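Q: Numbering (my numbering), first residue to last: 42 to 840. Just so it is clear, CB atoms sit at the ideal spot from N, CA and C, and this is done for glycine as well. In this text, all values refer to a predicted model and were calculated from it rather than measured experimentally.
1) Using the C-alpha atoms, what's the distance from residue 783 back to residue 282?
2) Of the choices 369, 735, 263, 412, whose alpha-carbon is the least far from that of residue 280?
3) Could you give the distance in angstroms between the alpha-carbon of residue 174 and the alpha-carbon of residue 303?
4) Which same chain residues end up closer than 7 angstroms to residue 830 when comparing Cβ atoms and leaving out the 5 residues on each side of it in sequence?
5) Looking at the C-beta of residue 361, does it have a partner C-beta in chain C at a distance below 8 angstroms?
6) Using a threshold of 8 angstroms, state whether the C-beta atoms of residue 467 and residue 443 are closer than that.
7) Using 8 angstroms as the threshold, is the C-beta distance between residue 187 and residue 154 below it?
8) Note down the Cα distance separating residue 757 from residue 263, rounded to an integer number of angstroms.
9) Return the Cβ separation of residue 163 and residue 177 in integer angstroms, given the expectation that the two are a contact with Cβ distance under 8 angstroms.
10) Assuming contact is defined by CB atoms lying nearer than 8 angstroms, are residue 293 and residue 356 in contact in what I supplied?
11) With the cut-off set at 8 angstroms, would you say residue 429 and residue 83 are in Cβ contact?
12) For residue 761, list the residues DSSP reports as bridge partners.
13) Quick check on residue 487: buried or exposed, where buried means 16 or more other Cβ atoms within 10 Å of its Cβ?
14) In chain order, which beta strand (DSSP E) runs of at least 3 residues are fully inside the region 600-628?
15) Can you give the Cα-Cα distance for residue 138 and residue 196, rounded to whole angstroms?
16) Going by the CB atoms, is the gap between residue 791 and residue 729 shorter than 8 angstroms?
17) Determine the closest residue to residue 583 out of 87, 193, 110, 79, with distance taken between C-alpha atoms.
18) Shortest alpha-carbon distance to residue 445 belongs to which of 402, 416, 500?
19) Tell me whether residue 166 sits in a helix, a strand or coil according to DSSP, three-state version.
20) Over what stretch of residues does the beta strand (DSSP E) that includes residue 834 continue unbroken?
21) When the Cα atoms are used, what is the spatial distance from residue 169 to residue 484?
22) Determine the extent of the alpha helix (DSSP H) in which residue 102 is found, giving its start and end residues.
23) Please work out which residues of its chain come closer than 7 angstroms, Cβ to Cβ, to residue 96, disregarding the five sequence neighbours upstream and downstream, and give them in chain order.
24) Quick check on the burial criterion: 16 or more other C-beta atoms within 10 angstroms. Buried or exposed for residue 843?
25) Considering only residues of the same chain and omitting the five flanking positions on each side of residue 685, which have a CB-CB separation below 6 angstroms?
26) Does DSSP put residue 402 in a helix, in a strand, or in coil?
27) The beta strand (DSSP E) spanning residue 722 covers which residue range?
28) What residue from 72, 571, 573, 253 has the CA that sits closest to residue 301's CA?
29) Is residue 111 helix, strand or coil when you go by DSSP?
30) Counting C-beta neighbours from all protein chains within 10 Å, is the total for residue 424 16 or more, i.e. buried, or is it exposed?
31) What are the residues that DSSP puts in a beta bridge with residue 472?
32) Leaving out five residues before and five after residue 115 in sequence, what residues of the same chain have Cβ atoms less than 6 angstroms from its Cβ?
33) Give me the Cα-Cα distance between residue 551 and residue 227, rounded to the nearest whole angstrom.
34) What number of angstroms, rounded off, separates the C-alpha of residue 109 from the C-alpha of residue 103?
35) Please determine, among 284, 216, 142, the residue with the shortest C-alpha to C-alpha distance to residue 201.
36) Can you name, in chain order, every residue of its own chain whose Cβ lies under 8 angstroms from the Cβ of residue 834, other than the five neighbours on each side?
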């Protein structure tokens, strides 16, 4: 059936392209679309010439929509999801595939590149999209050119560069709903001498959240963010230039914005039953009687409902330094990138999710990395051969802690007794050294046929360790005096804090030494100057790692690498005299040993597992400057069929009718109890269909002013938000409308704009992440809420 569906997709996409090409000339606009230049393959190329599925979003579009980060950008890029999860890592999903699980042991399968510098840590995805020129979303493995941890895709972000002429900008924005508050940004750019150009930008945001704590009245998801970037371009001589960059990020967040997804009532295999009455006696608001035991409608609890303690701070302080040297000659360009990145994270959140917070968890991260790349790009034989080749060195060092504070005794089935005034403090460390060599050659057989072949050989060494100590509550000093677990007669060696299987103070260590070869092959056929087709295959991988947040079992401390293979057939068309761009891709992706982890709802530990998964589907990207002067239409859509081929996963917490079968699967398979066979099931965060339809209309309104009216309709299909496929973690399809009105004057010495921007005007309640816990003494599910309706007024003036 899948083969038939894919064959029909090929016929359908080709038919659409031919239909557009055959439209009569009166459908062509006098306006020719501007060419989009991308740097996905480490060189400047037209989007229409690259045999990769790419969606490019310009900095102007980001500013016009008031988008501040990747989480707000994701709804505009079908088949890409980014979620700022509570815990120790954020979630990146591409084409319904990704690393699900919140823990420092995981790095994302979607790599991130900023101005050419690669980073592996998911937290850096929270960086603000300030003064950016373009964001490119690359779908599918990017192993040969970008490297490791791109088994599913990559995000390539390019900032605006220093200019040869003086320019300056001041902009401000005030949000009236949702993230109420203000943002202000200043930029200055221009020459500092005959051979030096500089650019500086500072952005400050101070906003409230969109989820209200019904007890304290505080708005959760409060943000106070500062981003500053300074750049210099220096002409060292006629052929060599140097680009220096420094970026500082300082984010202070308050509250996770979680609400109750459901209170559970069921009989576990052992122990007394859970009950809604018990949950409500603790202080949870489980909703009205008609809402209880709901199995599907997560949207029943709006941000006005009960939420958790607002004292859940998250802070990140990050520094990035970069030096890029470029030497350009007639047929070859040499480039050297030297980059250093560091950050510190402190993340505190409720572990039991009780309104009175009996258990809290504090995660800290101290990370630094150095990245060095030397490469050459060029052409030979009168341009019939294009090539890129280079060497890469990467080293990263992570120190992290988790402090599990039991403020008071919490005893509730099936939770083991957790002792009062005790902290379990874990200390984790990992270090990585990676070297790689890569090359890619494109041979133009004729003006119409091009074959591109690339490969990367990567050698990586990783070392990891984990240790634990139990001490007094709210302490994490290894020298603290031990405390007894229950009575003075119980030694420290027996104090395992909820039976996590690890003797306090005894470290676990591991070492990984892997070599990987990634490759890509693409065949391109240019039917004419405005249409080409490509057929490609590519592989990618993500490094193995250490289960730094698991139960401390030495036998499972190391988990293996993830590998992917992708096949694509696509078309790139510029039609109607250049007024319509229509790009489409049909893909099939196989992932072996997909890294996943589920949260143990009893002990708040990560259980790492591997899975095999497949995703296949169709992506289209259409932009049309219509014959109506000033009217532009765009349509971006993706259909994705994604499922596990193999995965033994955790049971969801309230599996009542299937509970015994679920547990028996685990026993018969030789696994731990409480698992289920999810083979053949759809992955979380994998809607089958998602799309964005937009219209922009610009017209003069007198003098030198013009008015732009914009509207976008964003649709996302239904999807599970938990890896266990809990019915309470099911998100129904969502439909959002964004709109903006922009009045601009581009003439004179001081161009200005004033914009009214609305996002999610339908006020959809969109759930991003669902989690379960029994540490409260009851069983509840919580969910993170994405930004609700947002209305903002934005103004800017240029000099």
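A: Let me spell this out:
1) In this structure, the straight-line span from the alpha carbon of residue 282 to that of residue 783 is close to 38 angstroms.
2) Considering only alpha carbons, the answer is 369.
3) 42 angstroms
4) The beta carbon of residue 830 is closer than 7 angstroms to those of 218, 219, 801, 802, 804 in its chain, skipping five residues each way along the sequence.
5) Any reference to chain C falls outside this structure, which holds one protein chain only.
6) Less than 8 angstroms separates the beta-carbon of residue 467 from that of residue 443.
7) yes
8) 26 angstroms
9) Contact doesn't hold; Cβ gap of about 19 angstroms is too wide.
10) yes
11) Contact flag set, yes.
12) Beta-bridge pairing links residue 761 to 771.
13) By the 16-neighbour rule on beta-carbons within 10 angstroms, residue 487 is exposed.
14) Uninterrupted beta strand (DSSP E) stretches at least 3 residues long and entirely within the region 600-628 occur at 603-616, given in chain order.
15) Across the structure, residue 138 and residue 196 are spaced so that their CA atoms are roughly 15 angstroms apart.
16) Cβ distance not < 8 angstroms, so residue 729 and residue 791 don't count as in contact.
17) 193
18) With respect to the C-alpha of residue 445, the residue from 402, 416, 500 having the closest C-alpha is 402.
19) helix
20) 831-839
21) 39 angstroms
22) 100-105
23) 118, 178, 662, 677
24) What is shown of the chain runs 42 to 840, which leaves residue 843 out entirely.
25) 652, 654, 719, 720, 722
26) It is a strand residue.
27) Here residue 722 belongs to no beta strand (DSSP E), and DSSP marks it neither H nor E.
28) 253
29) helix
30) exposed
31) 438, 504
32) 121, 122, 123
33) 47 angstroms
34) Cα atoms of residue 109 and residue 103: separation of roughly 8 angstroms, rounded to the nearest angstrom.
35) 284
36) 214, 215, 217, 795, 796, 797, 798
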